[in-house]
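*Asks:* Here it is, the structure in full.
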Amino acid sequence: MNAKWMIGTALTASLATLVLPVQAVESKLDAKTIEIVKRDFQDKGIAKADRVNQDALQALCSKYGNKPPLELKHKIEKQQQAAIKWPADDKYMGDWKAGEKLAQSGRGMTWSDKAEDPAGGNCYNCHQLSAKEIAYGTIGPSLLHFGVKQGNDLDSQRYVYGRLYNAKADNACNNMPRFGHMKILTEAQIKDLVALLLDPESPVNK
Amino acid sequence: MNTKIILLLALAANGAAIAAETEVSDSDRIAQYREMISDGNPADFDEMRGEELWKTAAGPKMATLEKCDLGKGAGVVKGAYAELPRFFKDTGRVQDLESRLLTCMSTLQGLNTEEITAQPFATEKKPSDISSLTTYVTGQSKGIKMAVSVKHPKEKEAYEIGRRIFNYRAGPYDFACSTCHGASNQRIRMQDLPNLKVQKDAQGAYISWPAYRVSQGLTRSFQWRLNDCFRQQRFPEPKFASEATVDLTMYLAVSANGAAFAGPGLKR
């Protein structure tokens, strides 16, 4: 056994004793956070306390600050992709006018909303869409002229439908809600939003 | 005519004038409101109400809150808020202002805190004592630099858990606090969003609460601010002054350290 090797082993051992407790503290804090969150939120209106329970994707993204290791990221994206429920009629474009109304509405699923109130798409909260609407948010990218750039063949329609149904299937930890996967919007409503984005007559493409 | 009506009339007139020039941003309008009422914020009335409550004997024990220890010794109100949340030996936990007020209302006055936390926020019909007390106590830190400690292990732990709650994604929309407040120069519709991971934004946001909300005609506390954020996040309701809210407050308050406290403020 040479001296260099011995020093190397000793260093590794001492590093291990340093690193392991840090990890132990971190995971103890993670566990305590979940315990506190589960205890300290309560039902209010339609927002029930069990909403704080994370699914696998939410837990993964929270744990890694939205930057999970690639292997885990790709694995969960595949699972999300596989869970997309595609329209049985293989049609993806609805009515852009209904889509514009949905895009304008920021309502839905808060404890001050009622169960019977239909949820909106919340689109303008985060995206620029029609040039006419100047009160748009900037958390997501601008979608002005999206259909002009993307084209509206069947592949594009399927892509946009899938993206709206589950935006996490392409990018596990992005900010956009999973409108189909989480049953926020119906199949017909998602089709109306596809039309808003891709129909040449939609104000998004004017 | 009361002050609130005068203020609303003035704002309505101002709004009409502004409607003509649509290029004025929301933040410019708020600056205009501030200028208009620079000699008096309606939150002053809530602050006075809170001071009255602080000094008036109440509860089964018919005691005032003047012996309440907010961290700087029994009865010291000046500068107390600038050092909250903090660890309190007598309760063995980290407390923010509201949870500490609950302790004092219970131990000194013998009040039932469950009744207080069941309806902690003011409504148009009914003012909230704990909210007014908060406005009073925070007002006594105006101009004082935020200096929240994480030296005690429990304070450090509260900060760490608060940071995790800030990044905790859940609910039907997968939102965390950080979804809207984790990047710079973003807005929802026309509303600018502070990036609470950046010191300058975090300071500006934290030191401006409590605030009189012109749109609601009520003075709102930081606990209320968190509560309404979670509503929009599509979460269930955080229990008032619970550990989750105190830890989150700890994380945000520490991020504001070094800035002179500016509340009670005024917002749209």
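Heads up: the sequence lines are chains A and B, in that order. Just so it is clear: in the first sequence, position 199 is 199 by our numbering, and no numbers are missing. Just so it is clear: in the second sequence, position 24 is 1024 by our numbering, and no numbers are missing. Even glycine gets a Cβ: it sits at the ideal position worked out from N, Cα and C.
#1: In this structure, how does DSSP classify Y92/A when only helix, strand and coil are distinguished?
#2: Write down the C-beta distance between A172/A and L70/A rounded to the nearest angstrom, noting that I regard them as a contact closer than 8 Å.
#3: Grouping DSSP H, G and I as helix and E and B as strand, with all else coil, what is T1022/B?
#4: Counting only C-beta atoms, is Q42/A closer than 8 Å to chain B at any point?
#5: Between D153/A, L185/A, I76/A, P200/A, which lies nearest to D117/A when the distance is taken from Cα to Cα?
#6: Along chain A, which residues have their Cβ under 9 Å away from the Cβ of K1239/B?
#7: Tell me T1219/B's beta-bridge partners as DSSP assigns them.
#8: In three-state terms, what does DSSP make of I84/A?
#9: On the CB-based measure, 16 or more other CB atoms within 10 Å of its CB, does P177/A come out buried or exposed?
#10: Got a sec, what are the start and stop residues for the beta strand (DSSP E) A1267/B sits in?
#11: Kindly indicate which three-state DSSP category Q1203/B falls into: helix, strand or coil?
#12: Closer than 9 Å by beta-carbon distance: list the chain B residues that pair up with Y92/A, in chain order.
#13: Assuming R1164/B and D50/A form a contact by the criterion Cβ under 8 Å, report the distance between their Cβ atoms to the nearest whole angstrom.
#14: Give a yes or no on whether the C-beta atoms belonging to Y124/A and G140/A are separated by under 8 Å.
#15: Looking at chain B, which residues of the stretch 120-143 of chain A have a Cβ within less than 9 Å of any of its Cβ atoms?
#16: Quick one: does S1215/B have its CB under 8 Å from some CB of chain A?
#17: Quick check on the DSSP output: the beta strand (DSSP E) that includes L1193/B runs from which residue to which?
#18: In the DSSP assignment, find the beta strand (DSSP E) that holds Q1186/B and state where it starts and stops.
#19: Distance, Cα to Cα, R163/A vs G1143/B?
#20: Among T1117/B, S1132/B, E1157/B, which one has its Cα closest to the Cα of W1209/B?
#21: Below 8 Å on the Cβ atoms is my contact criterion, and I expect L197/A with G147/A to pass it. Report the Cβ-Cβ distance as a whole number of Å.
#22: Along the chain, where does the alpha helix (DSSP H) that runs through F1045/B open and close?
#23: Which residues bound the alpha helix (DSSP H) around Q189/A?
#24: Assuming R178/A is part of the beta strand (DSSP E), what are its boundary residues?
#25: Would you mind working out which of P1120/B, D1192/B, S1184/B, I1116/B sits nearest V1198/B, comparing C-alpha positions?
#26: Given 8 Å as the limit, is there contact between the stretch 1068-1082 of chain B and the stretch 1213-1229 of chain B, that is, 3 or more CB pairs closer than that?
#27: Roughly how many angstroms lie between the CA atoms of S202/A and Q157/A, to the nearest whole one?
#28: Report the neighbours of N175/A on chain B: residues whose CB is nearer than 7 Å to its CB, in chain order.
#29: Helix, strand or coil, according to DSSP, for D55/A in the structure here?
#30: What is the DSSP secondary structure of R1093/B, reduced to helix, strand or coil?
#31: Going along the chain, which residues of the stretch 1060-1091 of chain B sit with their C-beta nearer than 9 Å to a C-beta in chain A?
#32: Against I1165/B, what residues of chain A qualify as contacts under a CB-to-CB distance less than 8 Å, listed in chain order?
#33: Given this structure, state the Cα-to-Cα distance separating L949/B from Q104/A, to the nearest angstrom.
#34: Here's the rule: buried if 16 or more other CB atoms are within 10 angstroms of the residue's CB, otherwise exposed. What is I134/A?
*Replies:* Taking the coordinates as given:
#1: coil
#2: Contact doesn't hold; Cβ gap of about 10 Å is too wide.
#3: At T1022/B, the pLDDT of 46 sits below 50, so the modelled position is not reliable and the matter cannot be decided from this model.
#4: yes
#5: L185/A
#6: R39, D40, F41, Q42
#7: Y1212/B
#8: coil
#9: buried
#10: Reading the sequence as shown, one finds Lys at residue 1267/B and not Ala. Element bounds for K1267/B: 1265-1267.
#11: helix
#12: Ordered by position in chain B, no residue passes the 9 Å Cβ test against Y92/A, which lies about 23 Å from the chain.
#13: That pair is no contact at about 19 Å.
#14: no
#15: N122, Y124, N125, C126, I134, A135, Y136, G137, T138, I139
#16: no
#17: 1191-1193
#18: 1186-1188
#19: 49 Å
#20: S1132/B
#21: 6 Å
#22: 1043-1055
#23: 187-198
#24: Here R178/A belongs to no beta strand (DSSP E), and DSSP marks it neither H nor E.
#25: S1184/B
#26: no
#27: 14 Å
#28: T1179
#29: coil
#30: strand
#31: none
#32: T33, I36, V37
#33: As displayed, chain B neither begins before 1001 nor continues past 1268, which places residue 949/B out of reach and without an answer.
#34: exposed
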